[in-house]
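Engineer: Sequence lines, in order, name chains A and B. Heads up, the first sequence is in the working numbering, so the first residue is 21 and it goes up one at a time. Heads up, the second sequence is in the working numbering, so the first residue is 2 and it goes up one at a time. Glycine residues also receive a C-beta, built at the ideal position from the N, C-alpha and C atoms. In this text, all values refer to a predicted model and were calculated from it rather than measured experimentally.
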Amino acid sequence: MLFNSIHFIVFFLVILASNQALRRWPTAQKLMLLAASYYFYGQWQWHYLLLVWFSTLVDYAIALRLPRTPRPRRLVVLSVLVNLGFLAVFKYANWLIATWNGGVDVIASPAWHITPIDLLLPVGISFYTFQSLSYTIDVYRGVLPPRRNLLDYALAVAFFPQIEAGPIVRAREFLAELDGDQRVDFADVKYALVLIAFGYAKKLVFADNLALVADPVFDHPAGLSFAQTLLGVYAFAFQIYCDFSGYTDIAIGCALLLGIRFPKNFDYPYAAQSIQEFWRRWHMTLSRWLRDYLYIPLGGNRHGDARTYANLMLTMLLGGLWHGAAWTFVVWGGLHGAYLALERAALARVGWWNARNPFATALRVLVTFHLVCLAWIFFRARDVAGAQAVLANLAQPALHAGDLGGVALLLGAMFALQQVGARTHYKERIAASDGPLFAGALAVAMVAMAWFAPTRTAPFIYFQF
Amino acid sequence: MLRRLLVLSAPFALVLAIEALFAAGAWEPLAEPNSHAGTSIRLKRALRDPAVGRIDYVTLGSSRPEYGIDHALLAAEAARRGRTHADLTMPGTHWTSVGVLARWLEREHPEVRGGIVALSVQDLAFAYNGYYELGILQPFRRADDLPWIAARIPFAIHDVASYGVVSALFAWRDDVRAFAAAPAQRRESIAWRDAHADAHHVLFDNPESHGDMCAWGVDSLAACDRLEATSGDGEAALRRQCRELRTRASEAPDFSTGASMATPPEFMSGTRDLVREQLSDMHWPAPPVVILMPMPRIWNEVLGRGQHEWAVAILKPLADAGRIRLVDATDFFDGDADGGCGAFFDFYHSNAQGRERFSRWLLPQLAVMLYQGDAGTPASAHEDPPKP
Chain A
21 MLFNSIHFIV
31 FFLVILASNQ
41 ALRRWPTAQK
51 LMLLAASYYF
61 YGQWQWHYLL
71 LVWFSTLVDY
81 AIALRLPRTP
91 RPRRLVVLSV
101 LVNLGFLAVF
111 KYANWLIATW
121 NGGVDVIASP
131 AWHITPIDLL
141 LPVGISFYTF
151 QSLSYTIDVY
161 RGVLPPRRNL
171 LDYALAVAFF
181 PQIEAGPIVR
191 AREFLAELDG
201 DQRVDFADVK
211 YALVLIAFGY
221 AKKLVFADNL
231 ALVADPVFDH
241 PAGLSFAQTL
251 LGVYAFAFQI
261 YCDFSGYTDI
271 AIGCALLLGI
281 RFPKNFDYPY
291 AAQSIQEFWR
301 RWHMTLSRWL
311 RDYLYIPLGG
321 NRHGDARTYA
331 NLMLTMLLGG
341 LWHGAAWTFV
351 VWGGLHGAYL
361 ALERAALARV
371 GWWNARNPFA
381 TALRVLVTFH
391 LVCLAWIFFR
401 ARDVAGAQAV
411 LANLAQPALH
421 AGDLGGVALL
431 LGAMFALQQV
441 GARTHYKERI
451 AASDGPLFAG
461 ALAVAMVAMA
471 WFAPTRTAPF
481 IYFQF
Chain B
2 MLRRLLVLSA
12 PFALVLAIEA
22 LFAAGAWEPL
32 AEPNSHAGTS
42 IRLKRALRDP
52 AVGRIDYVTL
62 GSSRPEYGID
72 HALLAAEAAR
82 RGRTHADLTM
92 PGTHWTSVGV
102 LARWLEREHP
112 EVRGGIVALS
122 VQDLAFAYNG
132 YYELGILQPF
142 RRADDLPWIA
152 ARIPFAIHDV
162 ASYGVVSALF
172 AWRDDVRAFA
182 AAPAQRRESI
192 AWRDAHADAH
202 HVLFDNPESH
212 GDMCAWGVDS
222 LAACDRLEAT
232 SGDGEAALRR
242 QCRELRTRAS
252 EAPDFSTGAS
262 MATPPEFMSG
272 TRDLVREQLS
282 DMHWPAPPVV
292 ILMPMPRIWN
302 EVLGRGQHEW
312 AVAILKPLAD
322 AGRIRLVDAT
332 DFFDGDADGG
342 CGAFFDFYHS
352 NAQGRERFSR
362 WLLPQLAVML
372 YQGDAGTPAS
382 AHEDPPKP
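Below, the structure written as structure tokens:
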């Protein structure tokens with residue numbers, strides 16, 4: 021079920037009313053939310069619910085056993101193998117097979133080919149396996165006691181606002197929410213409404229229309245001018261931000277109305293002055309996960325510069341692969357790893373670069389944004405050759421006065437929104453207002469959706485991951 | 002508690018207020034003059050122009066009668082009788098927009114004595130002409146027209162284009178989007194419209210048309226084969242029409258089979274019932290004259306089997322009952338030595354020559370059917386005089 025469908029809106033209103041009606045009976049409330057979550061997920065392909073159930077039961081059982089076993093490491097490795105095994109089979113098997121087949125074409129005979137597996141990628145598998153893994157690892161580390169109530173844990177894995185595309189809420193955060201006060205006060209309702217309205221507006225008004233500019237550039241780059249290509253790349257940079265952060269805003273808003281507070285997932289990433297800061301603002305729950313469950317266990321920055329750079333690179337390469345089984349995602353992750361390593365190695369020591377004046381700040385923001393855009397080319401392109409074609413167009417800079425208008429307008433408007441947002445935190449301000457600001461902002465968002473949502477809206481980009 | 006409810010409902014109340022403003026026509030001054038809605042607005046303004054005064058007779062219909070009937074001739078004929086006859090035809094007009102415009106006329110010009118409803122055989126296949134018809138009728142509709150419109154144009158929850166049935170905000174959606182995409186261009190076109198807002202010209206003159214189709218022919222789809230072998234910009238519009246014609250030909254339903262069934266398929270019976278109800282409910286003193294406009298022979302390959310007969314079958318009982326006067330001129334140019342090519346400037350529309358020939362033939366009939374009130378018996382109302 022897609023957030024941007026009438027089906028979801030009706031579904032959510034029913035769940036919201038039921039949740040409110042059952043608030044005096046927490047177990048019944050959780051059962052209803054779990055059933056709703058499975059219904060929500062099963063609307064896509066019901067038989068992949070078996071995967072969710074299997075993953076839930078395995079990690080639940082392992083976590084219960086962990087404190088009592090003399091060899092907990094073996095059990096946590098089993099949990100990792102089961103979860104990553106699912107990912108490997110469903111997400112990476114065909115990519116590995118295609119890579120193998122490509123290799124044997126060069127060095128051996130086609131007789132060595134392996135037939136690809138006919139499997140559909142289960143929606144949200146990357147998200148819920150990471151959430152589930154965080155549970156067993158935290159229990160293993162002793163930072164979270166195992167949860168005896170299967171209902172609580174099953175809901176932590178499958179809670180519908182997050183299961184398909186995050187945010188990646190760690191089990192300990194979600195369980196703490198379930199244990200805490202789930203009352204929703206008036207301020208929460210207003211903030212949730214602002215998030216939901218702006219989330220839909222970001223998706224329908226901005227992302228889906230920016231896609232109309234970006235898609236042709238990445239789908240058919242041949243013969244396009246420098247300006248057309250640049251416009252398409254900028255459009256994609258803002259499309260993916262509006263698409264994914266819009267989804268996240270809706271998820272956070274819906275969860276909040278149900279009494280569950282999700283962590284923030286975006287914080288105006290294009291206002292970042294460095295790649296490191298970008299990753300503190302972009303898909304923050306994934307960054308945290310990679311930091312806590314990959315980068316730090318690899319040694320983080322505790323074993324000298326060379327090891328730190330290697331850890332950064334490995335973390336980002338795996339972060340890239342987490343998004344999808346394609347070389348383009350490997351390059352995307354590799355570029356970010358290289359950026360982070362270079363930033364740490366070189367730029368941190370350059371005085372003028374780090375100067376605290378408006379010019380240097382603007383320069384840092386612009387350079388960071390363009391480095392991110394360069395990586396987005398690989399993220400969005402169909403394949404590496406497609407990315408190269410886009411880059412080839414950009415390698416022949418020739419801007420005509422007539423071209424500048426569109427590029428400048430798009431870049432200026434979206435950039436200004438990011439900068440203003442980062443400084444003013446307008447969503448929080450609007451939610452805090454009881455007067456015309458709240459009514460006006462929500463009305464503008466609704467009317468903008470009525471007018472500017474394309475006739476056919478596309479699924480959220482991160483559903484494919 | 003009440004205050005909280007007010008705060009939470011305020012955004013929705015604001016949206017409803019904007020919706021009401023749009024329904025009341027607040028966007029009309031900014032609407033694109035060259036769009037379907039813009040044409041309706043121009044017409045509405047002309048009809049409200051104090052200089053125009055009383056309207057006695059009207060011609061309603063699509064672009065076929067817009068180009069195919071000599072409106073200046075009809076206006077002169079009416080003037081000779083001390084009456085006025087206004088041309089209210091607009092491109093894209095179909096049964097639903099004809100109905101909404103007729104309802105608007107009842108409210109704003111109750112003095113109208115009668116009129117022509119000029120469409121074509123093709124227009125009797127369905128009760129509406131696609132969701133863009135909502136743009137045509139929007140400037141003329143009122144809140145209480147909703148049930149009438151919704152009975153003809155289906156609202157579909159999964160199709161945003163249909164939301165204009167129930168909401169003015171959505172009805173103006175495409176126009177607002179176009180405005181946002183090119184505001185400067187809109188400013189220029191509005192300025193041009195305002196400088197050329199001559200109500201007399203809008204209501205009583207003919208549009209310009211140039212050329213004929215004799216280089217290509219209009220008697221079969223072979224003309225499209227010839228056109229599609231060209232690549233010049235001059236023929237681009239004709240090639241587009243050819244694509245439309247081929248699509249229509251491939252999707253045309255079999256009306257013969259449907260009509261022979263005890264209960265025709267829903268789309269046929271629904272259209273039949275709605276058209277009959279609409280024409281029966283027109284409250285003009287003189288029964289409306291329904292004209293099936295001339296179509297080039299190429300349409301014989303495009304229309305569904307039995308479509309012409311079905312169209313006449315819908316209207317004939319009304320004509321027999323004296324509720325309408327029917328003029329079936331579909332094959333008016335079919336006997337021409339040149340296959341009719343000299344009478345059309347594209348595959349749909351008559352040129353000035355075709356317009357004059359058809360109007361000269363039509364005028365004596367109108368003198369009987371329209372201007373003299375109830376002239377002729379129901380049986381004779383469907384007898385066409387010999388063609389020139």
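Answer yes if the stretch 140-157 of chain A comes into contact with the stretch 189-208 of chain A, meaning at least three C-beta pairs across the two stretches below 8 Å, and no otherwise.
Structural biologist: The answer is yes - the stretch 140-157 of chain A touches the stretch 189-208 of chain A, with three or more Cβ pairs under 8 Å.
Engineer: State the DSSP-derived secondary structure class of B/Tyr58, mapped to helix, strand or coil.
Structural biologist: Here B/Tyr58 sits in strand by DSSP.
Engineer: Pull up the distance between the alpha-carbon of A/Ala488 and that of A/Ala478, whole angstroms please.
Structural biologist: The first residue shown for chain A is 21 and the last is 485, placing residue 488 of chain A beyond what the model contains.
Engineer: Give a yes or no on whether the minimum CB-CB distance between B/Arg273 and chain A is below 8 Å.
Structural biologist: So no, B/Arg273 is outside the interface.
Engineer: Can you tell me the Cβ-Cβ gap for B/Phe268 and B/Leu170, rounded? I've got them flagged as a contact below 8 Å.
Structural biologist: No, B/Phe268 and B/Leu170 are not in contact; Cβ-Cβ is about 29 Å, not under 8 Å.
Engineer: Counting pairs of Cβ atoms below 8 Å between the stretch 58-73 of chain A and the stretch 226-242 of chain A, do you hit three or more?
Structural biologist: No: fewer than three Cβ pairs fall under 8 Å.
Engineer: Can you give me the start and stop residues for the alpha helix (DSSP H) that B/His37 sits inside?
Structural biologist: That run of the alpha helix (DSSP H) goes 37-49.
Engineer: Any heavy atom of the ligand NAD inside 7 Å of the beta-carbon of B/Val276?
Structural biologist: Only the bare structure without any ligand can be found here, which leaves the ligand NAD out of the picture.
Engineer: So, using beta-carbon positions, are A/Trp115 and A/Val124 closer together than 8 Å?
Structural biologist: It is not a contact, given that the beta carbons lie outside the stated cut-off.
Engineer: Given a threshold of 16 other Cβ atoms within 10 Å of its Cβ, counted over all protein chains shown, does A/Glu197 qualify as buried or as exposed?
Structural biologist: Result: buried.
Engineer: Could you tell me which residues DSSP puts in a beta bridge with B/Ala119?
Structural biologist: B/Ala119 is bridged to B/Gly62, B/Ile292.
Engineer: Quick check on A/Ala257: buried or exposed, where buried means 16 or more other Cβ atoms within 10 Å of its Cβ?
Structural biologist: Flag for A/Ala257 reads buried.
Engineer: Check the Cβ of B/Arg5 against every Cβ in chain A and list those closer than 8 Å, keeping chain order.
Structural biologist: Those are Phe206, listed as they occur along chain A.
Engineer: Check whether the Cβ of B/Phe334 lies closer than 8 Å to any Cβ atom in chain A.
Structural biologist: Not one chain A Cβ lies under 8 Å of B/Phe334.
Engineer: Do B/Leu256 and B/Gly69 have their C-beta atoms closer together than 8 Å?
Structural biologist: The sequence shown places Phe at residue 256 of chain B, not Leu. The answer is no: Cβ separation not under 8 Å.
Engineer: With distance defined between alpha-carbon atoms, name the residue in A/Leu414, A/Arg369, A/Leu232, A/Trp372 nearest to A/His390.
Structural biologist: When only C-alpha atoms are compared, the closest one is A/Leu414.
Engineer: Which whole-angstrom value is the C-beta distance of B/Leu293 and B/Ala322, which I expect to be below 8 Å?
Structural biologist: Actually they are not in contact, since the Cβ atoms of B/Leu293 and B/Ala322 sit about 18 Å apart, beyond 8 Å.
Engineer: Only counting the same chain, and skipping five residues up and downstream in sequence, which positions put a Cβ closer than 6 Å to that of B/Asp385?
Structural biologist: At B/Asp385 the pLDDT is 45, less than 50, meaning the model places this residue with poor confidence and gives no usable figure here.
Engineer: Taking DSSP as the reference, what is the three-state secondary structure of B/His86?
Structural biologist: Of the three classes helix, strand and coil, the one that applies to B/His86 here is strand, per DSSP.
Engineer: If B/Ala38 and B/Asp176 are in contact, beta carbons under 8 Å, what's the gap, nearest whole angstrom?
Structural biologist: Confirmed, Cβ separation roughly 6 Å.
Engineer: My understanding is that A/Ile295 touches A/Tyr359, with C-beta atoms under 8 Å, so please give their C-beta distance in whole angstroms.
Structural biologist: That pair is a contact at about 4 Å.
Engineer: Thinking A/Lys210 and A/Ala412 are a contact (beta carbons under 8 Å), I'd like their distance in whole angstroms, please.
Structural biologist: At roughly 49 Å, the Cβ-Cβ gap does not stay under 8 Å, so A/Lys210 and A/Ala412 are not in contact.
Engineer: I'd like the span of the beta strand (DSSP E) that includes B/Gln326, first residue to last.
Structural biologist: The sequence given here has Arg at residue 326 of chain B, not Gln. Here the beta strand (DSSP E) through B/Arg326 covers 326-329.
Engineer: Would A/Ala473 count as contacting chain B if we go by Cβ distances under 8 Å?
Structural biologist: It does; some Cβ of chain B falls within 8 Å.
Engineer: Taking just the CA atoms, how far does B/Phe348 sit from B/Gly54?
Structural biologist: C-alpha separation (whole angstroms): 37 Å.
Engineer: Quick check: the Cα distance between A/Leu140 and A/Phe110, rounded to an integer number of angstroms?
Structural biologist: Each residue's Cα considered, the two are about 7 Å apart.
Engineer: Could you have a look at A/Phe246 and say whether DSSP puts it in helix, strand or coil?
Structural biologist: Helix.
Engineer: Please confirm whether B/Pro184 has its beta-carbon closer than 8 Å to some beta-carbon of chain A.
Structural biologist: Output row for B/Pro184: interface = no.
Engineer: Classify A/Ala108 as buried or exposed, calling it buried when 16 or more other Cβ atoms lie within 10 Å of its own Cβ.
Structural biologist: With fewer than 16 other Cβ atoms within 10 Å, it is exposed.
Engineer: Once DSSP output is grouped into helix, strand and coil, what is the label at B/Phe345?
Structural biologist: In the structure shown, B/Phe345 sits in a strand (DSSP, three-state: E or B).
Engineer: Does DSSP classify B/Ser351 as helix, strand or coil?
Structural biologist: Three-state result, B/Ser351: strand.
Engineer: Grab me the residues of A/Leu341's own chain with a C-beta within less than 8 Å of its C-beta, minus the 5 sequence neighbours each way, in chain order.
Structural biologist: These residues qualify, in order along the chain: Tyr112, Phe349, Val350, Gly353.
Engineer: Let's test the definition: count the other Cβ atoms within 10 Å of the Cβ of B/Ser281 and tell me whether it reaches 16, buried, or not, exposed.
Structural biologist: Exposed, because fewer than 16 other Cβ atoms sit within 10 Å of the Cβ of B/Ser281.
Engineer: Quick check: is the beta carbon of B/Arg178 nearer than 8 Å to any beta carbon in chain A?
Structural biologist: Judged by the 8 Å Cβ criterion, B/Arg178 is in contact with chain A.
Engineer: Counting C-beta neighbours from all protein chains within 10 Å, is the total for B/Thr340 16 or more, i.e. buried, or is it exposed?
Structural biologist: Looking at the sequence provided, one finds Gly at residue 340 of chain B rather than Thr. Buried, by the Cβ-count rule.
Engineer: Going straight from the alpha carbon of B/Tyr132 to that of B/Leu239, what length do you get?
Structural biologist: If you take the alpha carbons of B/Tyr132 and B/Leu239, they lie about 23 Å apart.
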